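So the protein lines, in turn, are chains E and S. With my numbering as the guide, the letters of the first sequence map in order to residues 1223 to 1404. With my numbering as the guide, the letters of the second sequence map in order to residues 495 to 515. Glycine included, every Cβ here is placed at the ideal spot set by N, Cα and C. Just so you know, these numbers come straight off a predicted model, no measurement behind them.
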Amino acid sequence: PPKQPGVGEHPLQFNYTLWYSRRSPGKQNMSQSYDQNLKKVGTFASVEQFWNHYCHIARPCELSGHSDFHMFKDGIRPMWEDDANKLGGKWIIRLKKGLASRCWENIILAMLGEQFMVGEEICGAVISIRYQEDILSLWNRTSNDQQTTSRIRDTLRRVLNLPPNTIMEYKTHNDSLKDNSS
Amino acid sequence: GTRIIYDRAFLMQCRNSPLTK
C-alpha cells in the first residue's frame, strides 16, 4: 500500500522515492546494469518523512566517483523507458564543483512544495556527481509541450538562484537514447 | 483540484519540528 503521512505531519501533493546509484569502475554502462545499480533509499508521503530520510544521507558534495541521487514521484522509475518518461525530456544544468549540494536541495524542495505549477508534468530530478563537474537535471513527461518546458525553466532559474550566464539545455529522452549519452 | 503548495521557508521550518527526528 502507498505510504501515508503520520499523525500531525504535513502531507505532500505526491509521494516521492529517493534512489541512489553508483557506477562501478570498469563496468559497461548498459541499461540493464544501470537498472541493477539503482538502490531505493526510501519513500515519503509527508514533509517530515522527507526530512527524516534526508538528514541521514550524504550530501551530493560528499559523494565520490560516479554517483547519482534520483528523486522521482513514487511509481516512476528513474529511467527513460518508464511510461511516464518515454515521451519526456529533461532540463540539464552543468554545475561547477561545490554547488551540487545547495542546488540539489533547492530543486527537491521546489518539487516537494509544488513550486513548478505545471500540473502532473514533473517526473523527478537527478544530481549526477562526476569528476570535472556535476549535472543537475529535472525530468518532465511531455517534451513537445513548449509552454510547460519554458515554465519549468523559469521556475528552475528562480529557485536555483544561479548566475545569469548559466547555460540550461533541454534534451528529449529520445535524443539521449539516440546519442547514447545518458 | 487543490494543490498542496509549500514554500522553501515553510519546508525548512518543518525540518526543526519535533515530528522530524
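Per-residue burial, residue 1270 of chain E [other beta carbons within 10 Å of its own, 16 or more giving buried]: As a first step, residue 1270 of chain E is located in the first sequence; it is residue number 48 there, counting from the start. Here residue 1270 of chain E is buried: its Cβ has 16 or more other Cβ atoms, across all protein chains shown, within 10 Å.
Flag this pair as yes or no: are the beta carbons of residue 505 of chain S and residue 1346 of chain E separated by less than 7 angstroms? Here the question's residue 505 of chain S lines up with position 11 in the second sequence. Here the question's residue 1346 of chain E lines up with position 124 in the first sequence. Not in contact: residue 505 of chain S and residue 1346 of chain E (Cβ atoms no closer than 7 angstroms).
If the cut is a Cβ gap below 9 angstroms, which residues of chain S does residue 1335 of chain E touch? Residue 1335 of chain E sits at position 113 when you count from the first residue of the first sequence. The answer, in chain order, is 498, 499, 500, 501, 502, 504 and 505.
For residue 1362 of chain E, which three-state DSSP category applies? Position 140 of the first sequence, counted from the first residue, corresponds to residue 1362 of chain E. Residue 1362 of chain E falls in the strand class under three-state DSSP.
Going along chain S, which residues have a C-beta under 7 angstroms from residue 1269 of chain E? Your numbering for residue 1269 of chain E matches position 47 in the first sequence. Against chain S, a Cβ distance below 7 angstroms from residue 1269 of chain E picks out 500, 505 and 508.
What are the residues that DSSP puts in a beta bridge with residue 1346 of chain E? Counting from 1 along the first sequence, the entry for residue 1346 of chain E is found at position 124. DSSP output for residue 1346 of chain E lists E:1294 and E:1361 as bridge partner(s).
Would you call residue 1339 of chain E buried or exposed, if buried means 16 or more other Cβ atoms sit within 10 Å of its Cβ? The sequence position of residue 1339 of chain E within the first sequence is 117, counting from 1. With fewer than 16 other Cβ atoms inside 10 Å of its own Cβ, residue 1339 of chain E counts as exposed.
For residue 1341 of chain E, decide whether its Cβ has a neighbour in chain S, counting only Cβ atoms nearer than 7 angstroms. Counting from one through the first sequence, the residue named residue 1341 of chain E turns up at place 119. Using a CB distance cut-off of 7 angstroms, residue 1341 of chain E does not count as an interface residue toward chain S.
Output yes or no for whether 7 angstroms exceeds the beta carbon distance between residue 1313 of chain E and residue 1392 of chain E. As a working mapping, residue 1313 of chain E is identified with position 91 in the first sequence. As a working mapping, residue 1392 of chain E is identified with position 170 in the first sequence. Contact flag set, yes.
So, under 8 angstroms CB-CB, residue 1261 of chain E and residue 1241 of chain E are touching, yes? Tell me the CB distance rounded to an integer number of Å. Position 39 of the first sequence, counted from the first residue, corresponds to residue 1261 of chain E. Position 19 of the first sequence, counted from the first residue, corresponds to residue 1241 of chain E. The pair is a contact, with the Cβ atoms about 7 angstroms apart (cut-off 8 angstroms).
Among all the DSSP beta bridges, which residues are the ones paired with residue 1312 of chain E? Position 90 of the first sequence, counting from 1, holds the residue named residue 1312 of chain E. According to DSSP, residue 1312 of chain E bridges with E:1361 and E:1393.
Taking DSSP as the reference, what is the three-state secondary structure of residue 504 of chain S? Reading the second sequence from its first residue, position 10 is the one you call residue 504 of chain S. Residue 504 of chain S falls in the helix class under three-state DSSP.
Count the other CB atoms within 10 Å of the CB of residue 1311 of chain E; is the residue buried (16 or more) or exposed (fewer)? Position 89 of the first sequence, counted from the start, is the residue given in the question as residue 1311 of chain E. By the neighbour-count criterion, in which 16 or more other beta carbons inside 10 Å mark a residue as buried, residue 1311 of chain E falls on the buried side.
With a threshold of 6 angstroms on Cβ separation, who are the neighbours of residue 1283 of chain E within its own chain once the five nearest residues in sequence on each side are excluded? Along the first sequence, one-based indexing puts residue 1283 of chain E at 61. The residues 1322 and 1323, in chain order, have a CB closer than 6 angstroms to that of residue 1283 of chain E in the same chain once the five nearest residues on each side in sequence are set aside.
Can you tell me whether residue 1355 of chain E is buried or exposed? The criterion is at least 16 other CB atoms within 10 Å of its CB, across all chains shown. As a working note, residue 1355 of chain E is residue 133 in the first sequence. By the C-beta density criterion, residue 1355 of chain E is exposed, having fewer than 16 other C-beta atoms within 10 angstroms.
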